[in-house]
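In terms of the working numbering, the sequence shown opens at residue 45 and continues consecutively. Glycine included, C-beta positions come from ideal geometry on N, C-alpha and C. Fair warning: this is a prediction, and the values are worked out from it, not measured in the lab. First the structure, in the form of C-alpha cells, and then the observations on it.
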Amino acid sequence: MEVRSKSSIHSVKTKPNKKVIAGSTIGTCASVGAAIALIGKKQGYKIFKKPDFSKWNKPKDWLISKINYEEKEMIALAGSSVAGGFIGGSLFDKKENIKSKFKEGIFQMIANILVPISTVGICNKAFNKFAVPKLNIKGKKLNILKACVTIGGLIIGIFAGNKVGNFINEKIFKSKNERKLSIKDLSAQLDDTCLAASMLTQGGGHWGKIVSRFIPIALLMPGFETGMKMSKNENNENENLNETKEKTQTLT
C-alpha cells in the first residue's frame, strides 16, 4: 500500500518506536519554545517574570500572540524546530537512522521553509512596489489581488522548493529517490499556508493576530518529521517483519 505524505512516499506505513516519538516531540517543542522566548525578548517583551494565570483563557494576552512574525522570525522558528526534532529523535533512535534524519532536516528547511517563504515574500514585495502604485484600486479589491499574489507565490514556492530539494538530494546526498509532489499534497502544507496567510495580513488586524497564534504550532511539523525520519533499510526491515507476522498468523 502506498502512503503519501508531505515529505516522502513509503511503500508501507512504518512507525518509529515510542522513545523516538517522545524524543522528537519533546525536542521540537522545547526548541520552538526557547526560540519564541528569545524572539519575544528581542522584541522587548519580558520573558522571565511571574506568570499571570488569570490570563490563561485570554489568548490575545499570551506572549505567542504579541510577537510580530516576519520572514526572519519564521525561519528562526523553523530552524529551531528542525534542530530540536533532529536532536531529540537521534538520541533514542538507531545510528543508521541519524543520517536520514539529517537529510530530512535539510530538505525540510530548504524545500518546505526557505524557498516557499522567500518566494511569497519576493512576490508580495514586488507586487507592493511595482503593481500597487500603478493600480487605482483600494480596499477589498486590493486585498483580493494581494491574496491571489500570495497564494500564487505559495504554490510556486512549494513546487520550486520540491525541485530544489530533489536537486540537493541527488547532487549532494547522491540519492536517486525523487520526492514527488502533486496538487493533492498541497493540503498537507499547513505550515506554509499559515506562514503565507500571516505574511498576507502582515500580522496586523483581527485575522492577522489570529493567524499569528498558529505559526509556532504549524512550525512544529518540520521538527516532528525530521526527528521521526527512518532510513530506507529500516523501512524494509519493518516491511519484512510485517510480512513474516502475516505469514505466521495465516499458518496458525
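Practice prompt. Just the C-alpha distance for Ile119 and Met272, rounded to the nearest angstrom, thanks.
Written response: 21 Å
Under 9 Å, do Gly128 and Cys192 count as touching if we go by C-beta distance? no
Practice problem: Please state whether DSSP places Leu225 in a helix, a strand or coil. | Solution: coil
### Option nearest Gly267 by Cα separation, candidates Gly67, Gly197 and Lys169
Gly67
Are three or more beta carbon pairs between the stretch 133–153 and the stretch 104–111 nearer than 8 Å?
no
### Task
Kindly indicate which residue of Glu140, Gly201, Lys102 and Asn180 has the alpha-carbon position closest to the one of Lys276.
Glu140
Is it true that the stretch 141–150 meets the stretch 194–208, where meeting means three or more beta-carbon pairs spaced less than 8 Å apart?
no
- Indicate the three-state DSSP secondary structure (helix, strand or coil) for Pro260 in the structure shown. helix
Open item on the list: Can you find the residues in the same chain that come closer than 6 Å, C-beta to C-beta, to Thr270, ignoring five residues on each side of it along the sequence?
Closed with: Val126, Gly129, Phe130, Lys145, Glu148, Gly149 and Gln152
In terms of residue numbering, what span does the alpha helix (DSSP H) encompassing Lys145 cover? Lys139 to Phe151
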